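Participant: Before I ask anything, let me first share the structure, which is written out below as structure tokens.
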Amino acid sequence: MIVTLIVVAAMAILAASSAVALRIANKSAPLIDASMEVKYELSLFHLWFEELVQQDPTVDKEQVWQHLNQARWYANTMLQGGESSHVKFQALDDPALRSMIRNTLDQIDRLEAVGLARLKRAQSSLAGSNQDQLFDKVFAEVLKIADDVETAVYRNMATQIRQFERLVYILGAVVMLVGLAGGILFFLIERRRRSDYTLLQESETRFRRLFENTAAISVQGYDRNRRVIYWNPASEALYGFTADEAIGQQLEDLIIPGEMREGMIAAIDAWIDDGTEIPSSEITLRRADGSPIQVFSNHVMLRTHNNEPEMYCIDIDLTERKRAEAQARQHELVLNSVFQALPDLFFLMDQDGTIRDYRAPQAADLYVPPETFLGKRMQDVLPPTLAAQFNENRAVVSERGGLTTYEYTLELPHGLRLFEARLSQLPDSPQLIAVIRDITERRRAEEALAKSAQEWTHAMDFFEDAIYLIDLDDKLVRANQAFYKLTGLTPELAIGMEITSIIHPQKEAEPCPVCAARIARSDKYITMEANHPHNPTGRPIEVMVRTIRDDTGSPLGVLMGMHDLTRARQAQQALRESEERYRTIFEGAPEGVWLIGPDHRTLEVNQRLCEMLGYRADEMIGRTPLDFADEENQKIFRGQAAKIETTDRRNYEVELRHRDGHNIPAHFNAITLHTDKGGVLASVAFVTDLTEQKITEQALRRAQKMDAIGQLTGGIAHDFNNLLGIIIGNLDFLKRLLPEDDKSLKRVESASKAALRAADLTRQLLGFSRKQAQEARPTNINQVIRDMDSLIARSVTPEVEVELQLADHPWLTRIDPGDLEDALLNLILNARDAMPQGGKLTIETANKRLDKTYAGLNPAITPGDYLQLAVSDTGSGIPKEILEQIFEPFFTTKPSDKGTGLGLSMVYGFARRSNGYVKAYSEPGIGTTIRIYLPRSIEKSEMIPQTSISETRLTPGHGTILVVDDEDNLLDLARDYLEETGYKVHTATRATEALALLESEDDINLLFSDVVMPGGMNGYELAEQAYKLYPNLKILLTSGFTKKVAARHSQAHFAANLLSKPYSRDDLIKRIQDVLDGE
């Protein structure tokens, strides 16, 4: 570069000197002749410089051309004023001019010595193999021009010396001007350098304040040894260390937990040495007080001017988000615990039946995985009949709202189950909720009872929020990638633009609140909904406006950020919906729900528990379960409370004290809820009121007891009737054999009366144990009572006043009128005995419609229409402790010689056989009322006249009769009765013998058989088989007690014509004649 500049300068000086010399000798004749040659040589000179420029690009081409053109101008001037080359000049005696020309020649010599090699290379593209000759010619011509100039100068030196001096002065002035210009240029460059350095310092200050004034972003800087070099105020607030305390300390000694230190050090070293970046992640760090804190940590590695690494960590506090997530998990845990503790299945559905949520305890018989139901329509997963039932109830709820309840049966692998479904619409929501409970066991208990009773820069890019920096002219200075993604601009386009034209390109008529805050230089957090006219995102956002100020408080710029609230809103909405579902289930649960804190105090209760105990929720909250129990049950609560930390689930029964003082039997299903660390969070107890269940169980036990007693007494009565039959029959034979004046006849008659009284006693026992009425028909009870007027009057003492309060139009009821007379007479006699000093006896009939509420309090009865028969007295009354025992056989408060204890048991048996219900009410010292409820019948009344045997005339018999009885004495007695009357008799002790006789004897007209017989075939089965084999055979059955009634409809007519034991001779003969004479 330097050699090139020297050559250029020398050529410029040579050209200038030659021009001056030629001008001095402008009138020289020799130059005129040589002018054309000089022009030619200068043209070659031009080519030489042009090639030089092409070979060395560092040469300033403009400057070379300036010098070349200047030389050409001087040469032209010289040549234009010349004369003949043969003229000799005489004016070259001036030493100064000669010295100047000599100096020019010395410059040309120096040019030849220094630049020869470069000039040869420069001509290679012009001359090819003759480049050396071309070069020599060029310099030869230059030297020739110099010689001619020297000759001319000597001749014209005297006249041109002044012009030459003036030129020197001009050149000196030019040099001075160039130096002055260089000084001015140096001054301007230095001032620009200092200005750029000042701007760099201001930029660093702005970005330092950006990080220091961002409260939500914790930024720390570390050197290669992990020592803190930067610690912004947000880090002070987050970790509890001040900047003075942190700077200079090692990272692992400040905020890294012990178990993470080794891994952290290795990761940082790998990043520095190998470039292995540390990924962004959620980690748990340590505060100054030792407490843990969860943050989302981003990392950036920068290099200083001397290539030293600096690591910057940008941390975001996750405490609030984790707290919200933990709260949501806690609510979900409580909700799931509620679902798992309740025996119910819950379905959340759309209006069309599409299942959106399904919860069920995994122990439930009907449990199936949620994926079986979710997203499907309820009517598509149910059998067709159940789907139609569901659609019908769904339409009712959708149209009218409220709650609808229905039942259905479903065949499961372990048998047929009965379910209760409750369908309702959620408040302020079109969705439906269905609660399904298996009520099979409850229904079985009810049926059993009824059956028994009937049978930034880089760092900021890690944030999803748009963050950007605005200067005081409202122009964008910096922004992260989230901002560019939001606006659709690139950094090249956006930086320097006015922020208003970016955010509001359509120029809103009124400034938005964010713009107002920015212009006012105020710090604010502004929330904008998605439909806000100034919201550019179309999503709910929170905008941060923070003015950055210097030490004097003067604003430097505005830091802004946009935080998308969509996820937060979705989380809040999900939390609200979860809480709403929890509240709906919590308040709608059929059991009481009791939430108890770790200090055993009540946190929350539902409405069902409040109703159960008679308190308001605010009266129970803050109190312990001990406040709602007596001393004995407090011991149970204390024992269960001791198990909370060791037992997650507890089931026990306890009695709670109602507000009015009475105790309520309750079942507790308690679950312990734990914190994330395993501690006790709370206990939730599901409380079931057992009052109804206890009443049902008590009634069931009583019914089972009465049934067992009935079976026992019936069996005894059966055997006793067989014995009485033998006694009465033989006494009857003996009475007819003795003469009328025989003294023994009175003893026989006395024995017969005693036997008949015993038979009446067994009849009462059978009346209690009998399962169904023998001659039931639609009956008007008022008519029966009126027919008993005289009997009632004879049954009470004169001191007892009898009052009849009979319904005007009583409903009919299907009963055995004879059983009703017996039951009513027993009630009248008991009332009389309770009023030895006299009183009032009231007999009342009334039509009653018993609803579900009444039936719920009296599980033995079914809701419906009933005819009520009530017998009341004003006697001594019955103590409460024995009131439930009065219907048991042989139970009596009378002396042993005054009563048998069978009267009220017969009343109980009558009510049960009639599918009715009997209830006793009594107050000691006031009186007693016995009410019998008999089901209403819509059939027409039948009044069948009764005919006494004494009114029927017995005729001699004829025909053959087969008598079957396992009791030999009764068999002989029946045979004697029949043979005495004139019948031919065959006998058998077992059903198989009877069938053999029927097959072998063709003359048998009637089969007379006992019902209860050994050998596997009873009387009903014998009669049914004999009738099939011999359709014309007449059949009559007898029994003292039939434990097993007719099992099939084909046997029913045999049971209708049953002859009861013990029977007399006349009873037997009359019934035999009726059967033989009948169709």
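Be aware that the sequence shown starts at 1, since it is given in UniProt numbering, and climbs by one per residue.
We put the CB at the ideal spot given by N, CA and C, even for glycine.
In this text the structure is predicted, and so the values were computed from the model without any measurement.
For the beta strand (DSSP E) holding Arg649, just list the boundary residues, first then last.
Facilitator: It spans Arg649 to Arg657 - the beta strand (DSSP E) in which Arg649 sits, taken as one unbroken run.
Participant: Looking at Asn782: is its Cβ nearer than 8 Å to the Cβ of Leu806?
Facilitator: Yes. Within cutoff.
Participant: Three or more C-beta pairs under 8 Å: does that hold for the region 690 to 697 against the region 664 to 677?
Facilitator: Cβ pair count under 8 Å is three or more, so yes.
Participant: Does DSSP classify Met562 as helix, strand or coil?
Facilitator: Strand, per DSSP.
Participant: Quick one: grab the DSSP three-state call for Tyr1063.
Facilitator: In this structure, Tyr1063 counts as coil in the three-state DSSP scheme.
Participant: With Met260 as the anchor, note down where its alpha helix (DSSP H) starts and where it stops.
Facilitator: That run of the alpha helix (DSSP H) goes Gly258 to Asp274.
Participant: What number of angstroms, rounded off, separates the C-alpha of Ser744 from the C-alpha of Asn722?
Facilitator: Whole-angstrom Cα-Cα distance: 25 Å.
Participant: Where does Glu749 fall in DSSP's three states?
Facilitator: Here Glu749 sits in helix by DSSP.
Participant: Cα separation between Gly248 and Ile229?
Facilitator: The alpha-carbon atoms of Gly248 and Ile229 are separated by roughly 7 Å.
Participant: To the nearest angstrom, how far is the alpha carbon of Leu997 from that of Leu978?
Facilitator: Cα to Cα, the separation comes out at about 18 Å.
Participant: Excluding the 5 residues preceding and the 5 following Ala530 in the sequence, name in chain order all residues of the same chain whose CB lies nearer than 7 Å to its CB.
Facilitator: Here the set comprises Gly538, Arg539 and Pro540.
Participant: Out of curiosity, what's the CA-to-CA distance linking Thr952 and Glu1024?
Facilitator: Note that Thr952 scores a pLDDT of 45, beneath 50, so its modelled location is shaky and nothing firm can be said.
Participant: Is Ser554 helix, strand or coil by DSSP?
Facilitator: The answer is coil: DSSP assigns Ser554 none of H, G, I, E or B.
Participant: Thinking C-beta only, is Pro810 closer than 8 Å to Val784?
Facilitator: In this structure, Pro810 does not lie closer than 8 Å to Val784 by Cβ.
Participant: Cα separation between His414 and Ser752?
Facilitator: Roughly 59 Å between the two C-alpha positions.
Participant: So which of Val558, Ser281 and Gly290 has the shortest CA-CA distance to Asp253?
Facilitator: Measuring from the Cα of Asp253, the nearest candidate turns out to be Gly290.
Participant: Along the alpha helix (DSSP H) that carries Pro233, what are the first and last residues, could you check?
Facilitator: Run containing Pro233: Pro233 to Tyr239, per the alpha helix (DSSP H) assignment.
Participant: Taking buried to mean at least 16 other C-beta atoms within 10 Å of its own C-beta, is Asn1032 buried or exposed?
Facilitator: Asn1032 should be labelled exposed.
Participant: Output the distance between the C-alpha atoms of Ser1064 and Ala994, rounded to the nearest integer angstrom.
Facilitator: Rounded to whole angstroms, Ser1064 to Ala994 spans 24 Å at the Cα level.
Participant: Give the secondary structure of Lys376 by DSSP, where H, G and I count as helix, E and B as strand, and everything else as coil.
Facilitator: The answer is coil: DSSP assigns Lys376 none of H, G, I, E or B.
Participant: What is the rounded straight-line gap between the Cα of Gln837 and the Cα of Val802?
Facilitator: Looking at the two C-alpha atoms, the distance is approximately 14 Å.
Participant: Can you list the beta strand (DSSP E) stretches of 3 or more residues lying completely in the UniProt domain "PAS" (578 to 651), in chain order?
Facilitator: With a minimum length of 3 residues, the continuous beta strand (DSSP E) runs that stay inside the UniProt domain "PAS" (578 to 651) are 592 to 596 and 602 to 605.
Participant: Can you have a look at Tyr525 and say buried or exposed, based on whether 16 or more other CB atoms are within 10 angstroms of its CB?
Facilitator: It is exposed - the Cβ of Tyr525 has fewer than 16 other Cβ atoms within 10 Å.
Participant: Helix, strand or coil for Pro836? Go by DSSP, reduced to three states.
Facilitator: If DSSP states are grouped into helix, strand and coil, Pro836 belongs with coil.
Participant: Just how far apart, CA to CA, sit Leu1006 and Lys1034?
Facilitator: Cα to Cα, Leu1006 sits roughly 4 Å from Lys1034.
Participant: Got a sec, what are the start and stop residues for the beta strand (DSSP E) Ile882 sits in?
Facilitator: Per DSSP, Ile882 belongs to no beta strand (DSSP E) and is neither H nor E.
Participant: Buried or exposed: which applies to Ala759, given that a residue is buried once 16 or more other Cβ atoms fall within 10 Å of its Cβ?
Facilitator: That one is buried.
Participant: What is the DSSP secondary structure of Tyr921, reduced to helix, strand or coil?
Facilitator: Three-state DSSP puts Tyr921 in a strand.
Participant: Using DSSP bridges, identify the partner residues of Tyr222.
Facilitator: Partner(s): Val228 and Met311.
Participant: Suppose you measure from the CA of Ile828 to the CA of Leu804; what does that come to, to the nearest Å?
Facilitator: Going from the Cα of Ile828 to the Cα of Leu804 covers about 12 Å.
Participant: Apply the 10 Å Cβ neighbour rule to Thr928 and answer buried if 16 or more other Cβ atoms are within range, or exposed otherwise.
Facilitator: Label assigned to Thr928: buried.
Participant: Counting only runs that start and end within the UniProt domain "PAS" (452 to 506), where is the beta strand (DSSP E) found for 3 or more residues in a row?
Facilitator: Those beta strand (DSSP E) runs which fall completely within the UniProt domain "PAS" (452 to 506) and span 3+ residues are 466 to 470 and 476 to 479.
Participant: Counting pairs of Cβ atoms below 8 Å between the region 615 to 630 and the region 460 to 471, do you hit three or more?
Facilitator: These segments do not touch.
Participant: Check the C-beta distance from Asn480 over to Met460 and give it rounded, since I have them as a contact under 8 Å.
Facilitator: So it is a contact: roughly 4 Å between Cβ atoms.
Participant: Which two residues bound the contiguous alpha helix (DSSP H) that contains Asp789?
Facilitator: Note, Asp789: alpha helix (DSSP H), Asp789 to Ser795.
Participant: With the cut-off set at 8 Å, would you say Asp873 and Ala831 are in Cβ contact?
Facilitator: Yes, the Cβ-Cβ distance between Asp873 and Ala831 is below 8 Å.
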